[in-house]
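With positions in the sequence shown counted from 1, the corresponding number in the numbering used here is that position plus 1389. In this text, a Cβ means the ideal position worked out from N, Cα and C, and glycines have one as well. From a predicted model like this one, the values you see are computed outputs, not experimental measurements. To start, the structure itself, in structure tokens.
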Amino acid sequence: MTADVRHMRRALALAERGRGTTSPNPMVGAVIVDDDGVVVGRGWHAFAGGPHAEIEALADAGARAKGATLYCTLEPCSHTGRTGPCAPRVAEAGIRRAVVAMGDPNPLVSGRGFAHLRAHGVEVIDGLLEAEARGLNAAFLSRIGRHRPLVTMKVALSADGRVALGRGRPLRLTGAVSDRRVHRDRAAVDAIAVGSGTLLTDDPRLTPRGAFRHRPLTRVIFDRRLRTLPSARVLSTLETGPVIILTEAQSVADRPAAAGALAAAGAAIETLVHEGSSGFLTSSLALLAELDVSSLVVEGGPALHAAFWDGGLTDRVQIYSSPVVVGAEGVSWFVPLTDVLSGLRNVTELVLPRGQGDASDLLIEGDVHRTD
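Shown next, in the form of structure tokens:
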């Protein structure tokens, strides 16, 4: 492993510390190393609106930044947003060489940071560990590049492929360790979503419990027919974050009293005009991206999962496989598990214990094969 790779890996590890706190900004880490190979500055972007990683690393290095090398996971910005531009500060500090994992696809930056550095005598090396950097910020890149959030389809399945008891009755399938992990993940993403059928059957609160969250959590209800009740428990948890109901414009026109009651209960109702069910989802995701939602976890139910999967709108799958057997009367998922797994890459498996003497849950995660 070369020194450049070693230091860039340190910068990537620092960037990871911003997971769950930087959105809609990317996670960024920076390391400053002097000519003797000594790390003299470290920094990461800790929260949206706060100092960027390069500025934190320069402050940590102080005068030792002069003549040093900056390792940064993303191109230093060149525009003024909630904070000032980073590229001029890097050049002014006397950084001699900048090694950067990837360019910033944000149209406000997009090569301008590199150009500024080069124009001021800084040697720029771009593309070191770019794949790792892109994976770290897959959600940010999806919102900026595809104008929609990165979508994770999450499901808990029984050993015989069921998601609930008969007639839509809810069923607890996973153990305590799995549940803690679910809530930890909820604490890190921008938004979680369910369909109206799941909301009516389970009446979930959709909150992160037992895990600290730095910022509000957006809850999204896909409800084309506007069936959500004003008494839904999720509407009693608005201190956690907004509840957005995505529905048909025609449904609001047909049921103005229902729409008014939901708005009075605190729901934000977003109406969509589109063509077909896939058009509804595509329009919904574009709207969520405009609302700065970069990452979305779709938690159910089977009909909504099927619509996302069939529409080619699923980027990642997260399956909690339980040892519980439900039986033939249970509600099946939309497709056999083997069919979904055959469409995944980068699959990992993690054993999650349920309790002493009990069979364990299994968490299976993977990225969906894509051609874009």
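The C-alpha of G1719 lies about 33 Å from the C-alpha of I1658. In the structure shown, G1426 falls within a coil segment according to DSSP collapsed to helix, strand and coil. The beta carbon of L1560 lies closer than 6 Å to those of A1553, L1554 in the same chain, with the five residues before and after it left out. In this structure, the alpha-carbon of G1418 lies about 47 Å from that of Q1639.
One Cα belongs to A1647, the other to V1578, and the distance between them is close to 30 Å.
Distance between H1509 and D1425, taken at the CA atoms: about 23 Å. Within the DSSP bridge table, the entry for D1515 names V1489 as partners. If only uninterrupted beta strand (DSSP E) runs of at least 3 residues are considered, those enclosed by the stretch 1581-1652 are 1607-1611, 1632-1637. According to the DSSP assignment, R1408 belongs to no beta strand (DSSP E), since it is labelled neither H nor E. S1749 and P1712 have their C-alpha atoms spaced approximately 7 Å apart.
The beta-bridge partner set that DSSP reports for A1442 is empty. Annotated three-state conformation of R1399 is helix, per DSSP. Classified as exposed, E1405 has fewer than 16 neighbouring CB atoms from the shown chains inside 10 Å of its CB. In the structure shown, V1566 falls within a helical segment according to DSSP collapsed to helix, strand and coil. Judged by DSSP in its simplified three-state form, A1553 adopts strand. Burial check for H1758: the Cβ neighbour count within 10 Å stays below 16, so the residue is exposed. If you check the CB distance, V1511 and A1480 come in under 7 Å. The C-alpha of A1642 is placed about 44 Å away from the C-alpha of A1548. Per DSSP, the beta bridge partners of A1657 are I1633.
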